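Residue numbers (UniProt numbering): 1 to 402.
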């Protein structure tokens, strides 16, 4: 299993697989063919069906140069992976190269069937069951296990992730107006935050604050702002909202929150390794479901729950998102994505609270590993119409224009 750094990346929204991945593919082409005169880019599957809404074409044009690119949206040709793109490289009239890229989620790409910029496998375990046994034998907390494996600059890297999460939320809270695209959706993070300030009920106030932070991060993402994949850009509001809330409102120490982010990253890493974090491959259960699982583990860690309780929280967070579809209206990461992140942030807190008391009264019959396996199997059963294609679900029921 690779470093947790592969889960948390900083980059432009609105989609890790549809924006970040194609950007990395384009950068690869720039690096290897600096003298090329022009390019022909063909997008297939989900990249073709929802690429416009995800700004796929814009990030390619920006990276390779608008005057050099011809982009084709091929919505008919069947491909093995829904996030497939082919880039043909030309020197005047001569084609000098052709590469097939697959955006596998979280900003990662495969190049001609091989993983690009492969990170080394550094974790000795790939299953939570094995990690729990290892930690129990050595009396380690999950964060201590992580620190034992990761390299010397990991703390510095996680500090950057922490800062960017706070910055993304803070920037989003200040902005008003309408999000880009044909949906013409109003930004509401600022208004939600203002409403929270005048709320007298403490529980309602905290709920509104948390929701406003999730909206802020996701509105930044939807407008192409800088966000953190956690584990993806489509689910980038869950963890940052919790981090912001625990830091600014609940006054948790920064060190505790960063260690909690490490534990959340371990959860996301296990999901990525044993299933997928791509909505185009397994639906939104792989994105917001995974983010909720990570958020629940984060909350449980910060509340000083033990390793078993943290696992239970993560399991609850993912289990109750099983089967969740990815059906973006118009192909934009707005409906239902933004609101869905806010709901998942609330559910992260609930899952951690439930896990804390459940582990005191019963042994959990459903392990985290079981749920990850189930999510993967469920994703394979979902029809393509419900996996980031904008061909089913809300995408065909909700009109694109108000």
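Glycine residues also receive a C-beta, built at the ideal position from the N, C-alpha and C atoms. All of these numbers come straight from a predicted model, not from anything done at the bench.
| Item | Value |
| --- | --- |
| Euclidean distance between Cα positions of residue 387 and residue 379 | 8 Å |
| Identity of the residue in 306, 299, 50, 233 nearest residue 317 by Cα | 299 |
| Residue environment, residue 203, which counts as buried when at least 16 other CB atoms sit within 10 Å | exposed |
| Buried/exposed call for residue 389, threshold 16 Cβ in 10 Å | buried |
| Beta-bridge pairing of residue 415 - partner residues as DSSP gives them | There is no way to answer for residue 415, as the model of the chain reaches only from 1 to 402. |
| 8 Å CB neighbourhood of residue 98 in its chain, flanking five on each side removed | 86, 87, 88, 89 |
| N- and C-terminal bounds of the beta strand (DSSP E) containing residue 12 | 10-12 |
| The ligand GDP heavy atom lying under 7 Å from the CB of residue 220 | Ligands displayed in this structure: none; no statement on the ligand GDP is therefore possible. |
| Sub-8 Å separation of residue 235 and residue 210 beta-carbons | no |
| Residue 138, buried or exposed, once every other Cβ within 10 Å from all chains shown has been counted against 16 | exposed |
| Residue of 63, 187, 243, 128 minimising C-alpha distance to residue 339 | 187 |
| Start and end residues, alpha helix (DSSP H) containing residue 243 | 238-244 |
| Sub-8 Å separation of residue 376 and residue 276 beta-carbons | yes |
| Range of the contiguous beta strand (DSSP E) that encloses residue 40 | 38-43 |
| According to DSSP, residues forming a beta bridge with residue 326 | 387 |
| 6 Å Cβ shell around residue 79 - same chain, five flanking residues per side excluded | 44, 45 |
| Own chain, CB closer than 7 Å to residue 266, minus 5 neighbours either side, in chain order | 4, 142, 146 |
| Own chain residues within Cβ distance below 8 Å of residue 282, not counting five before or after | 275, 276, 375, 376, 378, 379, 380, 382, 387 |
| Proximity of residue 296 and residue 214 at Cβ, strictly below 8 Å | no |
| Reduced DSSP category for residue 112 - H, G, I as helix; E, B as strand; rest coil | coil |
| Residue range of the beta strand (DSSP E) that includes residue 169 | Unbroken run through residue 169 is the alpha helix (DSSP H), 154-174; no beta strand (DSSP E). |
| Whether residue 16 touches residue 105 by CB criterion (8 Å) | yes |
| Proximity to residue 326 [Cα-Cα], best of 184, 396, 170, 345 | 396 |
| Which residues DSSP lists as bridging residue 69, in chain order | 39 |
| 8 Å Cβ cutoff met for residue 349 and residue 271 | no |
| Residues that residue 227 bridges to, as DSSP identifies them | 11 |
| Whole-number beta carbon distance between residue 173 and residue 189, since they are thought to touch under 8 Å | 5 Å |
| Supposed close pair residue 219, residue 184 - CB separation, criterion 8 Å | That belief does not hold up - the Cβ atoms of residue 219 and residue 184 are roughly 14 Å apart, past 8 Å. |
| Rounded C-alpha distance that separates residue 223 from residue 119 | 30 Å |
| Sub-8 Å separation of residue 49 and residue 75 beta-carbons | yes |
| Bridge partner(s) assigned by DSSP for residue 103 | 109 |
| From 181, 1, 58, 101, residue whose alpha carbon lies closest to that of residue 330 | 181 |
| Cβ-based neighbour list, residue 391, same chain, cut-off 8 Å, excluding 5 preceding and 5 following | 49, 384, 385 |
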